[in-house]
Structure formats: structure tokens, C-alpha cells
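What follows is one structure encoded as C-alpha cells, with my remarks underneath.
Number of protein chains: 2
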Amino acid sequence: MNFSSKILEEAVNALSSLPGIGKKSALRLALHLVQDKTHKSERIAAALLKLDNEIKKCRFCHNISDDEVCEICKSPARSNNILCVVESARDVMAIEETGQIKGRYHVLGGVISPLEGIGPHDINIDSLIRRVQNEAIEELIMAISPTIEGETTIYYISKLLKEYNVRFTIIARGVSFGGELEYADELTLGRSIASRVPYHVHT
Amino acid sequence: MNFSSKILEEAVNALSSLPGIGKKSALRLALHLVQDKTHKSERIAAALLKLDNEIKKCRFCHNISDDEVCEICKSPARSNNILCVVESARDVMAIEETGQIKGRYHVLGGVISPLEGIGPHDINIDSLIRRVQNEAIEELIMAISPTIEGETTIYYISKLLKEYNVRFTIIARGVSFGGELEYADELTLGRSIASRVPYHVHT
Chain A
53 MNFSSKILEE
63 AVNALSSLPG
73 IGKKSALRLA
83 LHLVQDKTHK
93 SERIAAALLK
103 LDNEIKKCRF
113 CHNISDDEVC
123 EICKSPARSN
133 NILCVVESAR
143 DVMAIEETGQ
153 IKGRYHVLGG
163 VISPLEGIGP
173 HDINIDSLIR
183 RVQNEAIEEL
193 IMAISPTIEG
203 ETTIYYISKL
213 LKEYNVRFTI
223 IARGVSFGGE
233 LEYADELTLG
243 RSIASRVPYH
253 VHT
Chain B
53 MNFSSKILEE
63 AVNALSSLPG
73 IGKKSALRLA
83 LHLVQDKTHK
93 SERIAAALLK
103 LDNEIKKCRF
113 CHNISDDEVC
123 EICKSPARSN
133 NILCVVESAR
143 DVMAIEETGQ
153 IKGRYHVLGG
163 VISPLEGIGP
173 HDINIDSLIR
183 RVQNEAIEEL
193 IMAISPTIEG
203 ETTIYYISKL
213 LKEYNVRFTI
223 IARGVSFGGE
233 LEYADELTLG
243 RSIASRVPYH
253 VHT
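Chains as they are written, first to last, in the numbering used here: chain A, 53 to 255; chain B, 53 to 255.
The structure is reproduced here in C-alpha cells:
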């Protein structure tokens, strides 16, 4: 690409370093910002600088947070007895949308993946064990993606926690709402039959 | 969306103000930046601030430029006699890729569009007329999109320039390379037949 401006070229290179944004999209965004008369790029820059300088990880659950301790861990309305273990901050948001977790979270920050060189000590498992030892946790809900890496991580953690008196559960795997049975993979379909539950008529 | 962090929420709002980036993509980008350990968001912020503060429009052709006068207008290798009139800086880049323009450019910064409230004085037509009056321009090549608005703009400029002794040309409209005839719209196909050119065997 023949840029008429070094500054424009730098902006395009910076924007195209984001995942899913190629050179052409980056150029479109940069030209949009050049044309914009409301100082939009200044506002975006300010927000990104804050992201770099001010955002923290909660010292208890490792969720992203504006303070040392996140809103969920701070909340007195949350149960101390239930801990939902997730892979990422994105998963906390998705689960919070459901309103099904009355307890707190623990963000692993990844799953064990030998192929990518991620071992048990590269994710927040040690701090999870310490929480189980020191907090009044009764149930650990593993809300981890049912991938090979996810299953490995669940298995690994379950082994470490065998000696502790804590209920260890995983979220149900089964057919999705709105999904058609014939398109479900056989592993999921098989599991959904094995894990069948009594039917309750909602009145 | 239930954000656990105000800073994250602000970044998502800022990023989703960009065209083609929705809340979900913005969240994905923001979380990517939070995880990134190389200060990528700082680098992007710096590039965007430069874009806001330092980029200029060339005082001759209105193309985006790092200086008062753009590289193309500065270049002594460019012909003074040919002026290619385009809608946007993006079009200058696209045409420069072809290497077909040996002259200079004039960026209108839009086309006349009564529906969007863009009149002749909202785009750089006045300065174009002044250039025709004061520079040694022999040919004006209109490289404007063949839309209703583009055609209106070409017609309007052609009327203003009737009294000047300057060749007024438009880029050829016809079937695209690699396109199939049966899929070309009838206006384009009709025009391509009316504007047919002698066939030269390349040796």
C-alpha cells in the first residue's frame, strides 16, 4: 500500500495488530478517524491508555477489576460457600448474564495445554487450592469449556482436591436450546442421554 | 453486558464507536489488550493521538499528509499538466497503486449529495477551480465513482469549467477484468459497448 502519510501508516500498523483486523480494515478505521471532527481518536486513545495503566486483576479471584478487589468479591450479598471456576474474565461476564451463580468466581486465566506449553503452574490453580484450604468453600462448580484442554484441567484440579471435603461439580453438557438433535455431535448427544434429568411440568 | 470494570466498559464503548465494530467485537479487542503484556494498547493509543494531533491536509490537493504540502504535490517528477480529481484520500492510494497517473491529484473530500445535505460548497470544488485558473493544467481526469452523486458532481464541475481551455475526461466505465458478462448490470454493459475501443494485439 502506498501511504501518503507516515502517521497514517503507523496508525494502520498499530490497528492491524489487533486480532481480526487486517490492513484493509485498519486503513478504513484510520481514515474514518482522520475524517472525524469530534476527536474520536483522542477519546479512544485515552480509554486504551487507562486500560494499559489502571486496570487490575482482583487479588482473590483474578477477574479484571478497577480496584485491588473486584465488585463480586467485595459484595456481601454473594455466598462464600460456592466458587465457580472459569477460564477467563469473558466467561465471568457470560455467566453473570445468566444470574445463576450466587457465589463467587475464580478465574484460571487459561486451561492446561501441553501443546501450547501451558502447564498447571502457568494458570491460577495454586491460588485456587489455597482458597479451598482457607475459605469456607462447600462447592466448586467447574464452568470450563468441554474441550480436551478443558477436560484435562478439570481432571487435574479434581485430583488435587480429592483430600478436601468440597463438592466438585461440572456444568451440564447436553444439547443446546434451539438446536436440532440431528445436528448435535454424538458425544454431546450421548452425554445428554446419560445425564438425563427428571422432567418437571412448570405450573 | 455486565462489566466487572468501569475502565473495561469505557474501552469497549470507545472501540465500538468505530465503524463496523460492535459491542461484542469491541469487548473481544479490549480483553485481548488487557491480556497483552507488550503494552500494545499504549502503542495504539500513541498512534491514534498522533493521528488526531499531527496529521494535516495538503494545502494544494487536500490529500492527507504529514506536512503542509503532500509528497505527491512536492515531487518534481510529477507532471503539472494533469490533475486527477478524486473523492477521497483512499482513492488516491488506490490509483497510486495502478501507477497510471503521472500528474497530481485533487481530493474533493466527498461528492455532491442533496439527500445527505452535501452541496457544491461543502466539498473542495472552489479550490479546484482556482487551481485550473492559476496552474498550467491541461487535462482534468475525473476519477469519481459512477454513482448518481458522482455523476452529478462530474456534471456540476464540467459546467463550471466550460469556459476554461482544459481537457475534461472521465475514467472508462465498462466490464471488470475477471467479471462475467452475464452478471454485469445492463447500464455498465451498455456503456462498455458504446465506449468500445480498437483492439490491439500485444506483441
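A virtual CB, placed ideally from N, CA and C, is assigned to each residue, including glycine. As the structure is a prediction and not an experimental result, all values here were calculated from the model.
Same chain, Cβ closer than 8 Å to Ser179/A, five either side skipped, listed in chain order: His114, His158
Inter-stretch contact at 8 Å, needing at least 3 Cβ pairs: the segment 59-78 of chain A / the segment 81-90 of chain B: yes
Contact the segment 54-66 of chain B vs the segment 98-108 of chain A: 3+ CB pairs below 8 Å: Yes: the two stretches touch, three or more of their Cβ pairs being nearer than 8 Å.
9 Å Cβ cutoff, Lys75/B in contact with chain A: no
Any beta strand (DSSP E) of 3 or more consecutive residues that is wholly inside the segment 64-143 of chain A: 134-138
Glu234/A classed as buried or exposed, judged by whether at least 16 other C-beta atoms fall within 10 angstroms: exposed
CB contact flag (Ile107/A, Ile116/A, <9 Å): yes
Amino acids of chain A, ordered along the chain, whose beta-carbon sits closer than 9 Å to that of Phe220/B: Residues of chain A with a Cβ closer than 9 Å to the Cβ of Phe220/B do not exist, since the nearest Cβ in that chain sits about 25 Å away.
His84/B: contacting residues in chain A (beta-carbon distance under 8 Å): Near His84/B (Cβ distances below 8 Å), the residues of chain A are Leu70, Pro71.
Alpha helix (DSSP H) runs contained entirely in the segment 156-241 of chain A, provided each spans 4 or more residues: 178-186, 200-212
Distance between Leu239/A and Gly155/A (C-alpha atoms, nearest Å): 30 Å
Check whether Ile59/A and Asp118/B have beta carbons under 9 Å apart: Asp118/B is positioned such that its CB atom lies closer than 9 Å to that of Ile59/A.
DSSP-derived helix/strand/coil call for Ile153/A: coil
Nearest to Ser140/A (by Cα), restricted to the options Leu79/B, Val137/B, Glu120/B: Leu79/B
Given Glu215/B as reference, the closest of Val184/B, Ala236/B, Ser228/B once Cα atoms are compared: Val184/B
Buried or exposed (CB count within 10 angstroms, at least 16 for buried), Leu167/A: exposed
Under 9 Å by beta carbon: chain A residues contacting Arg142/B: Neighbours of Arg142/B across chain A, judged by C-beta separation under 9 Å: Leu79, Arg80, Leu83.
CB contact check: Lys102/A to chain B, cutoff 9 Å: Closer than 9 Å to some Cβ of chain B, the Cβ of Lys102/A qualifies, so yes.
Chain-ordered neighbours of Lys58/B on chain A, where CB pairs are closer than 7 Å: Asp118
CB contact check: Glu168/B to chain A, cutoff 9 Å: No, because no Cβ of chain A sits closer than 9 Å to the Cβ of Glu168/B.
Below-9 Å beta-carbon distance, Ala136/A vs any chain B residue: A small correction: the amino acid at residue 136/A is Cys; Ala does not occupy that position in the sequence shown. It does not; no Cβ of chain B falls within 9 Å.
Alpha-carbon spacing of Gly169/A relative to Tyr208/A, whole angstroms: 16 Å
Partners in chain B for Lys92/A, counting only beta-carbon separations shorter than 7 Å: Ser69
Within chain B, partners of Asn54/A - CB distance below 7 Å: Met145, Glu148, Glu149
Residues near Cys125/A in its chain [Cβ-Cβ closer than 7 Å; skip 5 each side]: Cys110, Phe112, Cys113, Arg156
Closest Cα partner of Val121/B within the set Pro128/A, Asn133/A, His91/A, Ser57/A: Ser57/A
Spatial distance of Leu192/A from Asn217/A (CA atoms): In this model, Leu192/A and Asn217/A are separated by some 11 Å (Cα to Cα).
Reference Thr205/A; option with closest CA among Ile223/A, Ile175/A, Asn54/A: Ile175/A
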